[in-house]
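Chains as they are written, first to last, in our numbering: chain A, 1 to 444; chain B, 445 to 838; chain C, 839 to 1186.
Report on the structure given below.
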Amino acid sequence: MTEEPLLSVRDLKKHYPIKKGLFNRQVGAAKAVDGISFDIGRGETLGLVGESGCGKSTAATSIIRLEEPTSGEVIFNGRDRSKGSTNADGVHSNDITNFSDRELKAFRRDAQMIFQDPSSSFDPRVKVGSSVAEMLQVHGMSDRRRRRKIVENLLERVGLSASDYDRYPHEFSGGQKQRIALARALVLNPDLIVADEPVSALDVSIQAEILTLIKDLQAEFDLSLLFISHDMSVIKKVCDRVAVMYLGEIVEIGPTDRVFADPQHPYTEALLSAIPTPDPRSTAKGIELKGTVPSPTDPPSGCRFHTRCHRVIQPEGLDIDQSNWRGLLTLRDRLVAGAIDVESMRENLGVAEDSDGTGIRSQLRTEFDLEDQLSDAKAETALKNALDRVVDGDSEGAGEVLTSEFTTPCEETVPDRTRHADDHESACLLHDREGVVTPAAADD
Amino acid sequence: MATKKPERFDQVDWSELSESGRLDLSINSIGMVITSLPVVLLGLYDWRFIGDRTDTFEFIGLSRNLESLDYFFIFTLLLFFFYLILPLAQNPRMTKYYWKEFKRNRPAVVSLGWLLIVFAGGLLGPLVISAPEQDILIGHQPPVFLSVDAANVANCVGDIVGGQCQGTWEYPLGTTRGGKSVFTSIIYGMTISMQIAFITTTIVAAIGISFGTVSAYAGGWVDEVLMRFVDIILSFPTLLMFLLILYIYGAGLGMFILVFSLFAWGGTARYVRSKSLSVSEEEYIKASRISGASTYRVVRKHVVPNTASSIITQLTLLIPGFLLAEAQLAFLGLGDSNIPSWGQLISAGRSDLAFAPWIVLAPGIVLFLTILAFNFLGDALLDALNPEAEAESE
Amino acid sequence: MSTAEPLLEVEDLTTTFSTDDGELMAVDGIDFSVDSGETVCIVGESGSGKTVATESITRIVKSPPGHVEGSVRFKGQDLLEMSEPELRDIRGYEIAHIFQNPQEAMNHCYTVGWQIMEALQIHRDVSNEEARAKAVDLLDKVGIANASSRFDDHPHEFSGGQKQRVMIAMALVGDPDLLIADEPTTALDVTVQAQILRLLDDLQEEFDMGILFVTHDLGVVAEIADRIIVMYAGKVMERGGVLDIFDHPAHPYTQQLLNCLPDIGGNTGGIPGKLPDPHDPPDGCRFAARCDHTIDACRTGQQPEEVEVNPGQKASCVYYRPAHDDSVIRDGIQNTEPDTTEVGSADD
């Protein structure tokens, strides 16, 4: 780590206050981004990957200060800012979050953004050339003809023609619009481009085109890229390093080939196995990630992924089939949340067939992947006990039984970052007994 | 060759450019400033240096006077030209597309033609035709091709055939009781109607758009306060207010326009606000913000133009209300009796309806057609100015 | 090919739209069939006419300006000759549709349960209790956890993936024989896409449905398809079993599409150029302008006839010409560019 990174994000947080009542009292916060840290080197592409709702877009807009971050530092060392230092009051001179309006406007020249939806990223009433040229105008280039020349030249570089300057957005296809969006992001000659799902609205054949163009331009102008996507296969094509985000936190970060070859976090594993394999012969069904990302207002304790993790750790002294264990925890969480409605289950089954509740019991076991008989006797007794209570209509009690009996270390301990190799770190308790590093220690 | 290297984005020296070109006015704004300057100077001259009784153009030997309303009218016309007509000419392809869409609606094209006639008549008519003169001797002349019982006409200008007074080309739409030419009065009424249409629209648009966009962009308590104020405006009894002013101070056309337009922008403001909110969600607004553009610029260049289609439609549909209100007040005898508006003309003819219906009918039909035309136009503009509709069809 | 009549048989399907700029031919005389229990994928870029083709089957294309011709035989009846009320009984019932954007396909004023019940009661005379029970059952089947309490939730309370599940539940009300899925996973996350694909697979087994699946993503195709139809500019370029198409794609367009896939293709440049103007399609092969192998013969006459290049695999390309002795001559194409001969194994 001799060279200064272009961008260093340190413990960045973005919380949206949730207000209620007559006086707009703040009753909580949606922690969309909750303390993420990473670096992007010059000319490097960092992928930020995760499901929708994991906070990756919010991270992007907060980094580039399209939204005000709640806390944290974003240190940008581009252009002529290479020698930054921390002031007496603890504020870094290159910290974007503390930029004045003037500095921020200058920073806009250094960092630009590409958006997801090509159909809405251009003003429908403005010629695309003018849309691109507006960037120059905003930054003080008042020479109309010079603006036009620069933009025409740039349009040709992104694979369009100079005469496209005078056409309107609706006259272009999605892929072409994304090329123009790229031109717009480039025209101020930035050091960093944040690309928020730039290809997910495009056909696969056009995706490849755009990705290649991005890579070519990146090489030519030594750009750094923060590339956001939910699709691991896209990440694989363009990124040097990848950061996997889940519910506002980065759970794994490392060089792309290493993360793909040897994913360390179960969430990364699941994301990788969700990529459709273009091989009709492969029948191996990957890990299915059930459910959706929980609400960021009340994230799960410990490791935030534990509610959906297929590798959730079993407590000391318990050793049952992993899918059973997963099922047990899911059943427990549902019962505690009051999300199992026995009455209607019974209605559906028909009361006559299910006077003693065996139907409900077996249905619950199937639904939660539980075998008829758990291999661990103690666990089986607890489960039976809980199911009995469910049948009796005491879901709350059943939840309590399971809660007291089954706990996983994953919900109690917040995992630290573990370093697996240079630059490859993940935050999972499975690795906690190996070499533990504290996240900030690496650079401070 | 080396002196003229190709302009490339990565070869721009920004340090040399920053801070320069602060005042980067568009051609339209420059034109607006240059042309409105003489109008302002003339107004100042009129107001400060010459007496009330002297005509404005006395200094070049013209006997024409300009009222404050006229200045305002000229100003709105300039605005209209530089920010609506000129942009259309500057973007011929967009204009062509709008025209193509607009053309589909036949009644709207006819309406536009009619409104252009009214506009041209109102603008040029008073310059070429002298104002209708009172001449009691030639009262109640029938329109051309029509005839009326000679007993009702004091002094028939045309021939009297079989006891019937024939209309003449001299007074193509006949005359009023006072002998004023109805045709000339209608032409002069066009000026009044156009003044009402343009000035109210400008006031409503200016206040409505400012309130709407500020409200949408400021958010929080500013939004809350502004929108509650709009509620008050909307529930204000404008007519009563106007009558009150009328009884206490007396009220001319200027006061009518002022009062009615100052209480009519509530709906526009609300409309603009909701439109701005939805437009500001679009990615191109984000892209514009990320360019470093100021909020004012983003609103001025992107939000307002993209809400314009609905604003223009809404304003077009607002105009008939004002024209009708003026006519109704005039008919009730509450209008400005010094102006030759259509309403005044109708009002003047109501007592002679039995034997001289043209005095009421002619301006009545013109008023009706004009209002109908504005409504058709507004409807067609809504369809034509919507670029999304086209994007979907492709 | 089986001897029995297929579930759905489409012949010479042509869909045109009258626009200001003249007739627009979105689908230009295509044939295909779907059997019970099989999944047929229509693959193509946006604008290739694949969506219009599926919407023409039950005539849900907006008409006018749309106009559908040809024959669509579903279980022995010609759907295109049916009256609108007759068709309504089949639409959404025996033939169900799911769409790309579940947001837009739902009514946000009503609870999802109510909407499913309504879909059911339109077609069947069932009591509210029965309808409710069936709706809960369906929600449960499509994997909505705790179906009975989610029954009374409004659409906005569901995530994108869940909404698509609800749409599938709604499509299942009539135990459909044919499910037409138009890019049902394109708007979704990759993880959710995997869930939905798995769900469709399970449901197909349970209901023995034929599925007609429209997508631009060959990765998805590989996961679910039995047979593939490759469409381009309103015409079928190639068709065949999924293994045939992936192992030895015959048409240059298919080859290039496969080349765009991350794990297969060496080509990362996509397919340059764009679709021809549908108002005025070019002579000869529609793909000629973007093809690497174009020869003069490609630019004249009609779209080449589909020729059987392998058993069950047909391609519409001048390089495969029906010869007099009914065997197929393949000239040139495999030799012009060595690495396209066996695309499937290029990167293995």
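The beta-carbon is built from N, C-alpha and C at its ideal position, and this holds for glycine as well.
So, with DSSP's three-state summary, where would you put residue i?
i                : result
A1071 of chain C : coil
K730 of chain B  : helix
H1162 of chain C : Unreliable positioning characterises H1162 of chain C in this predicted model, as indicated by a pLDDT of 46, which lies under 50. A coordinate reading is not provided.
H395 of chain A  : Looking at the sequence provided, one finds Ser at residue 395 of chain A rather than His. If DSSP states are grouped into helix, strand and coil, S395 of chain A belongs with the helices.
G882 of chain C  : coil
V312 of chain A  : coil
G633 of chain B  : helix
P17 of chain A   : strand
F996 of chain C  : coil
R717 of chain B  : helix
P255 of chain A  : strand
Y246 of chain A  : strand
Q26 of chain A   : strand
K1152 of chain C : strand
R10 of chain A   : strand
D866 of chain C  : strand
V910 of chain C  : strand
H935 of chain C  : strand
K31 of chain A   : strand
F445 of chain A  : Only positions 1 to 444 of chain A appear in this structure, which leaves residue 445 of chain A out of reach.
T896 of chain C  : coil
S921 of chain C  : coil
V194 of chain A  : strand
Measuring alpha carbon to alpha carbon, tell me which of the options ends up nearest residue i.
i                : options                          : result
V1028 of chain C : A:R417, A:S395, A:S173, A:I287   : A:I287
I235 of chain A  : A:G291, A:G254, A:R365, A:G393   : A:G254
F122 of chain A  : A:D95, A:G72, A:I180, A:V91      : A:I180
A934 of chain C  : C:V1147, C:Q915, C:H961, C:N945  : C:H961
D422 of chain A  : A:C54, A:E252, A:D203            : A:E252
T58 of chain A   : A:I36, A:G41, A:M345, A:N77      : A:I36
V49 of chain A   : A:L188, A:A195, A:P300, A:G327   : A:A195
A208 of chain A  : C:R1036, C:D1015, C:G1108        : C:G1108
S1154 of chain C : C:D1130, C:G1122, C:A1127        : C:G1122
R326 of chain A  : A:S205, A:G291, A:G78            : A:G291
K1001 of chain C : C:D978, C:V950, C:L1113, C:L1010 : C:V950
L1037 of chain C : C:D1064, C:V1011, C:I982         : C:I982
S718 of chain B  : B:S705, B:F655, B:Y691           : B:F655
Any heavy atom of the ligand COA closer than 7 Å to the CB of residue i?
i                : result
L1010 of chain C : Judged by which ligands are present, the structure shown has none, so any question about the ligand COA falls away.
Check whether chain E comes within 8 Å of residue i, counting only Cβ atoms and requiring the distance to be less than that.
i              : result
H15 of chain A : This model lacks chain E altogether; the protein chains it does include are A, B and C.
_Please give the ranges of any beta strand (DSSP E) in the region 576-625 of chain B, keeping only runs that are unbroken, at least 3 residues long and fully inside the region._
591-593, 608-610
*Using a Cβ-Cβ cut-off of less than 7 Å, give me the residues of the region 126-137 of chain A that come near chain B, in sequence order.*
Cβ proximity to chain B below 7 Å picks out E134, M135, Q137 from the region 126-137 of chain A.
_chain C contacts made by the region 197-211 of chain A, where a contact means CB separation under 8 Å_ = D203, V204, S205, I206, Q207, A208, E209, I210, L211
*Cβ pair count under 8 Å reaching 3, the region 121-139 of chain A against the region 174-190 of chain A*: Segments in contact, yes.
_Using a Cβ-Cβ cutoff of 8 Å, what residues of the region 1028-1045 of chain C are near chain A? List them in chain order._
V1028, T1029, V1030, Q1031, A1032, Q1033, L1035, R1036
*Quick one: which unbroken beta strand (DSSP E) runs of 3-plus residues sit fully inside the region 1024-1080 of chain C? Chain order, please.*
Counting only runs of at least 3 residues, the region 1024-1080 of chain C fully encloses the following beta strand (DSSP E) elements, listed from N- to C-terminal order: 1048-1053, 1065-1070, 1073-1079.
*Using 8 Å as the Cβ pair cut-off and three pairs as the minimum, do the region 1075-1082 of chain C and the region 1042-1049 of chain C touch?*
no
*According to a CB-to-CB cut-off of less than 9 Å, which residues of the region 723-737 of chain B neighbour chain A?*
E725, E726, E727, Y728, I729, K730, A731, S732, R733, I734, S735, G736, A737
*Count the C-beta pairs between the region 236-245 of chain A and the region 16-25 of chain A that are closer than 8 Å, then say yes if the count reaches three, no if not.*
Flag = no, the region 236-245 of chain A and the region 16-25 of chain A do not touch.
*asked:* Using a Cβ-Cβ cutoff of 9 Å, what residues of the region 20-37 of chain A are near chain B? List them in chain order.
replied: Identification of residues in the region 20-37 of chain A having a C-beta nearer than 9 Å to some C-beta of chain B yields an empty set.
*Tell me the start and end of each unbroken alpha helix (DSSP H) in the region 679-710 of chain B that is at least 4 residues and wholly inside, in chain order.*
If you keep only unbroken alpha helix (DSSP H) runs of at least 4 residues inside the region 679-710 of chain B, you get 682-693, 697-706.
*What residue ranges within the region 263-323 of chain A form continuous alpha helix (DSSP H) runs of no fewer than 4 residues, ordered along the chain?*
The region 263-323 of chain A contains these whole alpha helix (DSSP H) runs: 266-274.
*Evaluate the contact criterion for the region 363-372 of chain A versus the region 313-324 of chain A: three or more CB pairs, one atom per stretch, below 8 Å.*
yes
*Is the region 544-556 of chain B close to the region 604-614 of chain B, with three or more CB pairs under 8 Å?*
no
*At least 3 beta-carbon pairs within less than 8 Å: the region 640-647 of chain B vs the region 755-774 of chain B*: Touching, per the Cβ criterion.
*For the region 204-222 of chain A and the region 1122-1131 of chain C, state whether three or more C-beta atom pairs, one from each stretch, are separated by less than 8 Å.*
no
*Cβ contact (3+ pairs, closer than 8 Å) linking the region 584-593 of chain B and the region 525-532 of chain B*: no
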